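Notes follow once the structure below has been shown.
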Amino acid sequence: MKSFSNLSIVTHPLLSHSMNVLRDKRTATEAFRHHSAIASRILLMEATREMPTKDYPIETPLAPVIGQCIADPVVLIPVLRAGLAMLNAAQEFMPWASVGFIGLERDERTAIASTYYRKFPDRLAHRHIIVLDPMLATGGSLIDTIDALKAQGGVKLSAVCVVAAPEGVERLNAAYPDVSIVVGALDSHLDENKYIVPGLGDFGDRYFET
Ligand code: PRP
Ligand code: URA
16 MKSFSNLSIV THPLLSHSMN VLRDKRTATE AFRHHSAIAS RILLMEATRE MPTKDYPIET
76 PLAPVIGQCI ADPVVLIPVL RAGLAMLNAA QEFMPWASVG FIGLERDERT AIASTYYRKF
136 PDRLAHRHII VLDPMLATGG SLIDTIDALK AQGGVKLSAV CVVAAPEGVE RLNAAYPDVS
196 IVVGALDSHL DENKYIVPGL GDFGDRYFET
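This note's numbering numbers the first residue of the sequence shown as 16 and each following residue consecutively.
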């Protein structure tokens, strides 16, 4: 399998289990949502592993101690709709993080995404930006998202996805070699409709039951 410089594929038995449930076409909505949450938590734990911390002096009931806190402000960017499935997990870990939104939808015929909504916090240059989107297929949606974030000053960016296709990772790598990508699986290829194979189908439709 081809390797990509800024791609991390997370391995964990609980993630493998949840990914299998997500991939199974017989999985009902309730279980799909439940295992999306589990997979998101594990992926976020890995995606934040290298996040810088800084000294933060506190006093416990017994003694003063120099503790640690996250050094940079964080902004979470779920790519609507499907990225919302990962937002709760991210907010559980980082309840203090700002949240921005971008709405993108792929044209079913061309697979080219267009933007229908965008609202980001300001001062993006000073924040660690984590983009949440379960599916990285052609890479068009993530590239549009990163274009928009960089145009508004974003510098430190990473993306967290459940499943990626090599075609999308290659495109994202070429466009933005500075953006790290954390995924639960790197699948085989895209089909003629630009769906990930074996993938899990249309994540948004399965999660939101549309
Ligand atoms: C899906 C998915 C990604 C995008 C990936 O969204 O959630 O955002 O496709 O495909 P790409 O890498 O080829 O751009 P979709 O357009 O189906 O919208 P949805 O989230 O509203 O379901
Ligand atoms: N979006 C999805 O939800 N699934 C794919 O396989 C590709 C894009």
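Every residue, glycine too, gets a C-beta built ideally from N, C-alpha and C. Nothing here was measured: the structure is a model prediction, and the numbers come from that model.
Proximity of residue i and residue j at Cβ, strictly below 8 angstroms
i, j, result
"I144", "L172", "yes"
"A105", "L77", "no"
"T269", "A126", "Absent from the model: residue 269. The displayed extent of the chain is 16 to 225, so no value can be given."
"A180", "D202", "yes"
"H50", "L58", "no"
"A54", "S33", "yes"
"M150", "V175", "no"
"P72", "I81", "yes"
"E224", "T44", "yes"
"F135", "Q167", "yes"
Cα-Cα separation, residue i to residue j
i, j, result
"G199", "F116", "22 angstroms"
"D137", "T75", "35 angstroms"
"G183", "A189", "10 angstroms"
"L119", "S156", "7 angstroms"
"R48", "Y222", "6 angstroms"
"L91", "G219", "19 angstroms"
"T68", "P88", "11 angstroms"
"V194", "P79", "38 angstroms"
"M27", "A52", "The identity of residue 27 in the sequence shown is His, whereas the question assumes Met. So the alpha carbons of these two residues sit roughly 15 angstroms apart."
"L164", "A140", "9 angstroms"
"M109", "E61", "14 angstroms"
"V170", "Y191", "11 angstroms"
"D217", "Y210", "8 angstroms"
"D39", "L215", "7 angstroms"
"A128", "D122", "6 angstroms"
"L187", "D70", "35 angstroms"
"N35", "V212", "14 angstroms"
"I196", "R124", "27 angstroms"
The ligand PRP heavy atom lying under 7 angstroms from the CB of residue i
i, result
"D39", "no"
"S55", "no"
"E120", "yes"
"S31", "no"
"S156", "yes"
"V194", "no"
"R96", "yes"
"G169", "no"
"A200", "no"
Contact test: residue i Cβ vs the ligand URA heavy atom, cutoff 7 angstroms
i, result
"F47", "no"
"D159", "no"
Minimum Cβ-Cβ distance from residue i to chain B less than 8 angstroms
i, result
"Y210", "Absence of chain B from the displayed structure is noted, only one protein chain being present."
**Asked** Which residues, in chain order, sit with a beta-carbon under 5 angstroms away from any heavy atom of the ligand URA?
**Response** M150, A152, Y210, I211, G214, D217, F218
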